[in-house]
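Q:
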Amino acid sequence: MLAKRIIPCLDVRDGQTVKGINFVNIRAAGDPVELGAAYAGQGADELVYLDITASVERRGTFVELVERVAQTLNIPFTVGGGIRNEEDVACLLAAGADKISVNTAAVNCPELVETLARRFGSQCVVVAIDTKRTPEGDLVYIHGGRTPTERRTQEWAREVVNRGAGEILLTSMDHDGTKNGFALEITRELAESLPIPVIASGGAGSKEHFVEVFKVGKADAALAASVFHFGEIPIPELKRHLRTNRIEVRL
Amino acid sequence: MNIAVIKYNAGNIHSVRLALRRLGVEPVVTDEIQVLKSADKVIFPGVGEASSVMRYIRDRGIADLLPQLIQPVLGICLGLQLMCRASEENASRCLGIFNTAVRRFPANDKVPHMGWNKIHNLKGDLFRNVQSAAFVYFVHSYYAELNPLTVATTDYILPFSAAMQRDNFYAVQFHPEKSGAVGEQILRNFLAL
Numbered sequence: 008m009l010a011k012r013i014i015p016c017l018d019v020r021d022g023q024t025v026k027g028i029n030f031v032n033i034r035a036a037g038d039p040v041e042l043g044a045a046y047a048g049q050g051a052d053e054l055v056y057l058d059i060t061a062s063v064e065r066r067g068t069f070v071e072l073v074e075r076v077a078q079t080l081n082i083p084f085t086v087g088g089g090i091r092n093e094e095d096v097a098c099l100l101a102a103g104a105d106k107i108s109v110n111t112a113a114v115n116c117p118e119l120v121e122t123l124a125r126r127f128g129s130q131c132v133v134v135a136i137d138t139k140r141t142p143e144g145d146l147v148y149i150h151g152g153r154t155p156t157e158r159r160t161q162e163w164a165r166e167v168v169n170r171g172a173g174e175i176l177l178t179s180m181d182h183d184g185t186k187n188g189f190a191l192e193i194t195r196e197l198a199e200s201l202p203i204p205v206i207a208s209g210g211a212g213s214k215e216h217f218v219e220v221f222k223v224g225k226a227d228a229a230l231a232a233s234v235f236h237f238g239e240i241p242i243p244e245l246k247r248h249l250r251t252n253r254i255e256v257r258l
Numbered sequence: 477m478n479i480a481v482i483k484y485n486a487g488n489i490h491s492v493r494l495a496l497r498r499l500g501v502e503p504v505v506t507d508e509i510q511v512l513k514s515a516d517k518v519i520f521p522g523v524g525e526a527s528s529v530m531r532y533i534r535d536r537g538i539a540d541l542l543p544q545l546i547q548p549v550l551g552i553c554l555g556l557q558l559m560c561r562a563s564e565e566n567a568s569r570c571l572g573i574f575n576t577a578v579r580r581f582p583a584n585d586k587v588p589h590m591g592w593n594k595i596h597n598l599k600g601d602l603f604r605n606v607q608s609a610a611f612v613y614f615v616h617s618y619y620a621e622l623n624p625l626t627v628a629t630t631d632y633i634l635p636f637s638a639a640m641q642r643d644n645f646y647a648v649q650f651h652p653e654k655s656g657a658v659g660e661q662i663l664r665n666f667l668a669l
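Chains H and W, in that order, are what the protein sequence lines are.
For the first sequence, our numbering begins at 8 and goes up steadily by one.
For the second sequence, our numbering begins at 477 and goes up steadily by one.
1. Check the Cβ-Cβ distances between K586(W) and every residue of chain H, and say whether any is below 7 Å.
2. For F237(H), count neighbouring C-beta atoms within 10 Å of its own C-beta (all shown protein chains included) and say buried if the count is 16 or more, exposed if not.
3. For G656(W) and chain H, any beta-carbon pair shorter than 7 Å?
4. Drop a sphere of 10 angstroms on the beta-carbon of I662(W), count the other beta-carbons inside from all chains shown, and report buried for 16 or more, exposed for fewer.
5. Starting from the C-beta of V19(H), find all residues in its chain whose C-beta is less than 8 Å away, skip the five residues before and the five after it, and write them out in chain order.
6. Anyone know if the C-beta pair for V168(H) and I203(H) falls short of 7 Å?
7. Please list the residues of the segment 574 to 607 of chain W that have a C-beta atom closer than 9 Å to any C-beta atom in chain H, keeping them in chain order.
8. Between A232(H) and chain W, is there a C-beta pair that is closer than 7 Å?
9. Report the option in Q130(H), D95(H) and E244(H) whose CA atom is closest to the CA atom of K613(W).
10. Reducing DSSP to helix, strand and coil, say where G522(W) ends up.
11. Evaluate the contact criterion for the segment 213 to 220 of chain H versus the segment 241 to 258 of chain H: three or more CB pairs, one atom per stretch, below 8 Å.
12. Would you mind giving the Cβ-Cβ distance between L625(W) and M477(W), rounded to the nearest angstrom? I have them listed as a contact below 8 Å.
13. Among the candidates L545(W), R531(W), N597(W) and Q544(W), whose CA atom is the shortest distance from the CA of C570(W)?
14. With a threshold of 7 Å on Cβ separation, who are the neighbours of V518(W) within its own chain once the five nearest residues in sequence on each side are excluded?
15. Going along chain W, which residues have a C-beta under 7 Å from I203(H)?
16. Can you pull the chain H neighbours of V615(W), defined as C-beta to C-beta under 7 Å?
17. Check the DSSP bridge columns for I107(H) and list the partner residues they point to.
18. Mind listing which residues of the segment 490 to 506 of chain W have their C-beta closer than 8 Å to chain H's C-betas, in chain order?
19. What residues are listed by DSSP as bridge partners for S568(W)?
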């Protein structure tokens, strides 16, 4: 049986790891390559490196960092943040990333998902969706969660699947940074209805939250940042806890 | 030691090169027949689409050369599939080193099979010091059926060949270059053959 994946996310700005609290407040948490290698050693199944400032300040992507990560890590990693086009992706994959994630660029130009899937293969195209529950339903947000769109999360998710996305990274803006648990309902809705893996993100605060997101939310993988960075939940301990709860994990 | 990695128009060649480098080996990445012939070991990596890669290696004479090599050869992922008889992916005729068919997973579960899964029934030198039920990393939509040359099995939707071996030809469906310490052990075992 396929193991449920635990994915630490490293938000990177100016070559340093940071974690955004509700995507706004930022505090430092170390060297991205060292931190990544440490996570891999602890049993992280995959890593995500997110260039969090790129789409805001129109900064180029962080190719040099990706090269160093690729030299060091012996597990798969995804890079995202500010990817605008096919050439950005070609550059990051050539630098050694296993997958790339697109968010705002895909919303602005949905054809990009198709272009990327056709050229590089669906297996490396992750579409990140920032979602927020509103009176009008679950809506997609862009620009690092700052700008609302009129797209419904469920419809957008189905569309990117049809356009060739290989995986969805679903971040709940309502839950992100709260440590009150993942958004189980929307995660489950997508994970059960889509033919591709869904990575749940936003809200991890305890080991129990991970149990919930796999058992109730039916997520294929769970992503978190601060609970790992600050050692609040050591990955080996988390995985043992998941196994005790009869969730298949790689130990 | 002279390790050649087959260069082609797609693939995770860079990842394989970096993984070997971490083990202290600098491979030569090439599509030149003479270089492949004289290498101590040859790695045929893979990510891509079967028919276009077959066309590429046919055009360069690699398809004729590969089955005749006598040094250890390791196919990875698409490499494994192309070493089989034929693939359902765009009805491609392949190299026939392993006399088995490559089929698409039925859509009973999410496809591609992506993530960490266990390998069982481990046989042979490639899996020395690797425990049964060890986890390795997979990304694939097509699989090789179980057959007498299977030296590791994995279960996803159905049991399939996670690895095969015939004489000097070795192949793994998973990505040892992305499979943590277990993957490194498997690569080390191949380098030690």
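A virtual CB, placed ideally from N, CA and C, is assigned to each residue, including glycine.
A: A quick look at the data gives this:
1. yes
2. In this structure F237(H) is exposed. Its beta-carbon is surrounded by fewer than 16 other beta-carbon atoms within 10 angstroms.
3. yes
4. When all chains shown are included, I662(W) counts as buried.
5. V25, P39, Y56, L57, D58, I59, F69, L72 and G88
6. Yes, the pair counts as a contact, with Cβ atoms nearer than the cut-off.
7. A583, D585, K586, V587, P588, H589, M590, G591, W592, N593 and K594
8. no
9. The displayed chain sequence assigns Tyr, not Lys, to residue 613(W). Residue Q130(H) is the option with its Cα nearest to Y613(W).
10. coil
11. yes
12. Taking the Cβ atoms as the reference, L625(W) lies roughly 26 Å from M477(W), outside the contact range of under 8 Å.
13. Ranking the options by Cα distance to C570(W), first place goes to R531(W).
14. A480, I482, L512, L545, Q547 and V549
15. K586
16. Q130
17. V86(H) and V132(H)
18. H490, S491, L494, A495, R497 and R498
19. S563(W)
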